[in-house]
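Peer 1: Can you read through this structure? Questions will come right after.
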Ligand code: ATP
Ligand code: MN
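So this is what it looks like as C-alpha cells:
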C-alpha cells in the first residue's frame, strides 16, 4: 500500500493511511481465510492457533509475553543473578514420580527386554531411563551453591492429566535459587520480582494493556454487576501497590473453616489440616477474605517435596506459595533443607533412592549453606497480566492432554 500517513479522523486508532495504490501481495483464497473482520470466539481461534497471531487480541498478548520475558532477564541481571541453563532431559524422577514424559529411542513395538520381561533401558540412548524435566531446581541448587544467585528460565513438562484453565503439559518456568537466603528473604524476592514485572508491563505495554482491558470490560458487561471483576489496569496497579499478606498454612485452614462457603458446604473439596489446598480455597483467601495477594508458608511436610527445610515442630516445612487473584498458585517455593542427615532421613521416609541422587546430596556433603528458591509459572503470570481466562491463550502453541496440533 502506498499513500499519505495522516492523523486519524476516526476513533480506534491514532494514524491512518490515505491510500493511492493497493497491491495484493499474497492471498490465494481470501474467501476461505478463517479470520474474518468480525468477533471470533477464543475457542474458534484456538482451533486456528496457526493464524490467531493475526488478530489484535493475540498480537497484544504475544507482545506482552515478549516484554515479560525480557523484563525477567533484565530484573535478574540488574540484581546480579546468573542465568543457568539446566537440562531438559533428565534421569532423575525424584520429584514428579509418575507425571513425567519418557524420552526414549527404543522401538515401542519390540523393545529389548531383560530376563524378567521388563524393558532393558541399558540399551536405550542414554543407557538408562530418561524423562523431560519437571523442574530445573535440583540442578539450580548446584549452581546457587557455587555462583551465589542464579535463575533458570526454560521449558518444563508435566504429564499430568489436568484439563484446567491453569495447566499446560508444556510450560515455561522461572526458577531463581539463592545461597544465604532464608524463607523471609525468599518471600521478599518473590514479592519484589512480581511487582517489578507488573510495573514493567504498565510502563511499557500501555497500549496493549488498554486494548485487553477494553476487551475484558466488554466481556464483563454480560455478567451480573456483583460478579464483574476489576478493570485489568486497576487490578495490575492494585497488586503493585499492595503489600502481600503473609500467613501460615495452619492460619489459612482456620480462616477457611470459619468461612461462609465452608459453613454452607459450598466448597467442592474438603478443608482439613494436612490436605492440599484446592484452587477454590486459594481463591477464597485471595479474592474474598484478604482481597489481596497472599503468601502461605509452613505447609504440612506430607504434601510437600523432600528437599524442603523441616521445621522444629516436626510437622511442617518451610514452604511458601504465592497466591494471586484469578489464578490461585502462581509461585511455589521453599527454603531448602541444608542438613545432609535430615535430608537423607526424609528421602528414605519418602522412598526416594538416595543412591541415584548422589550428586544432589554432594552439595550437602561438601559445604552446605542456608539457601532458598522458587518457581514462577510463566504462563500463569502472563495470564494474570493479560487478564486472559484460559492459559491456552497465552502460549503460542499449547500442549494439553490429547492436544499437540500445530
Ligand atoms: P498446581 O498445584 O497449581 O498444579 P504445582 O504445585 O504442581 O501447581 P509447582 O510444582 O509448585 O506447581 O510449580 C511451580 C509453579 O509452576 C506453579 O506455582 C505454577 O505457577 C507453575 N505450574 C505448575 N504446574 C503447571 C502447569 N501444569 N501448567 C502451567 N504452569 C504450571
Ligand atoms: Mn506448588
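Numbering (the working numbering), first residue to last: 21 to 426. No residue lacks a Cβ here, since even glycine has one placed at the ideal position from N, Cα and C. Every value quoted in this text rests on a predicted model; they were computed, and no experiment measured them.
1. Compare the beta carbon distance of residue 343 and residue 193 with 9 Å and say whether it is the shorter of the two.
2. Under 8 Å from any heavy atom of the ligand MN, does the C-beta of residue 197 make it?
3. Please name the residue or residues paired with residue 16 in a DSSP beta bridge.
4. Residue 357 to residue 182, Cα distance in whole Å?
5. Please determine, among 304, 374, 295 and 315, the residue with the shortest C-alpha to C-alpha distance to residue 326.
6. Does the contact criterion of 3 or more C-beta pairs under 8 Å hold for the region 169-187 versus the region 361-374?
7. Please determine whether the Cβ atom of residue 301 lies at a distance below 8 Å from any heavy atom of the ligand ATP.
8. When you compare each of 377, 236, 349 and 380 to residue 299 by their alpha carbons, which one comes out closest?
9. Using a 10 Å radius around the Cβ and a threshold of 16 neighbouring Cβ atoms, would you call residue 228 buried or exposed?
10. Below 8 Å, can you find three or more Cβ-Cβ pairs linking the region 374-385 to the region 394-412?
11. The ligand ATP heavy atoms versus the CB of residue 350: any closer than 8 Å?
12. Taking the alpha helix (DSSP H) that residue 198 falls in, what are its first and last residues?
13. Give every residue of the same chain whose Cβ lies closer than 7 Å to the Cβ of residue 62, excluding the five residues on either side of it in the sequence, and list them in chain order.
14. Around the C-beta of residue 31, are 16 or more other C-beta atoms found within 10 angstroms, so that it is buried, or is it exposed?
15. Whose C-alpha, out of 267, 259, 219 and 354, is nearest the C-alpha of residue 92?
16. Checking the sheet assignment: what are the DSSP bridge partners for residue 344?
Peer 2: In brief:
1. no
2. no
3. Absent from the model: residue 16. The displayed extent of the chain is 21 to 426, so no value can be given.
4. 30 Å
5. For residue 326, the closest C-alpha among the options 304, 374, 295 and 315 is that of 374.
6. no
7. For the ligand ATP, not one heavy atom lies less than 8 Å from the Cβ of residue 301.
8. 349
9. Counting Cβ neighbours within 10 Å, residue 228 comes out buried, since at least 16 surround it.
10. no
11. yes
12. From DSSP, residue 198 is part of no alpha helix (DSSP H) but of the beta strand (DSSP E) over 190-199.
13. 410 and 413
14. exposed
15. 219
16. For residue 344, which the question treats as bridged, DSSP gives the partners 348.
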